[in-house]
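K.L.:
Numbering (the numbering used here), first residue to last: 11 to 146. Glycine included, every Cβ here is placed at the ideal spot set by N, Cα and C. Please read all numbers here as calculations on a predicted model, not as lab measurements.
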């Protein structure tokens with residue numbers, strides 16, 4: 011009984027696996043996943059007077075990391091979409107003394123816990139003497 015069950019199970023599994031093959035009993039046309047788009051031929055650029063970049067120099071199109079950070083934080087000359095412009099117009103301008111008001115005791119804030127307070131109270135440094143303690 012066990013041998014016939016095992017052999018019938020093996021035959022059924024081989025038949026199911028055979029249906030997955032690209033040839034044989036279930037030979038059918040399938041789409042070629044690599045034929046979705048033509049690949050453009052490689053072209054040598056016409057300007058051969060390009061100067062190789064200097065080691066350590068910032069990329070000319072990107073700017074320095076400080077410039078990228080300032081642009082990410084405060085915006086820049088990058089064009090904004092209609093949705094982003096509408097959201098900024100709807101939000102209005104911030105009160106110049108907003109940072110003073112956020113720290114006042116009458117302002118409702120969410121308690122972030124001691125971990126966030128410890129991070130905010132940490133002294134400024136280059137991180138060379140930093141250490142981490144994993145509570146356990």
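Between the C-alpha atoms of residue 117 and residue 105, what's the straight-line distance to the nearest angstrom?
P.N.:
Each residue's Cα considered, the two are about 15 Å apart.
K.L.:
What three-state label does DSSP hand residue 109 in the structure shown?
P.N.:
Looking at residue 109 - three-state DSSP - the assignment turns out to be helix.
K.L.:
The alpha helix (DSSP H) with residue 99 in it runs from where to where?
P.N.:
Its alpha helix (DSSP H) spans residues 92-101.
K.L.:
Where are the alpha helix (DSSP H) runs, 4 residues long or more, that stay fully inside the region 113-141, in chain order?
P.N.:
Counting only runs of 4 or more, we get 124-131.
K.L.:
Considering just the uninterrupted stretch of the alpha helix (DSSP H) at residue 52, what are its terminal residues?
P.N.:
That residue, residue 52, is in no alpha helix (DSSP H); it is neither H nor E in DSSP.
K.L.:
Going straight from the alpha carbon of residue 53 to that of residue 60, what length do you get?
P.N.:
For residue 53 and residue 60, the distance between alpha carbons rounds to 16 Å.
K.L.:
Would DSSP call residue 40 helix, strand or coil?
P.N.:
Residue 40: coil per DSSP, three-state reduction.
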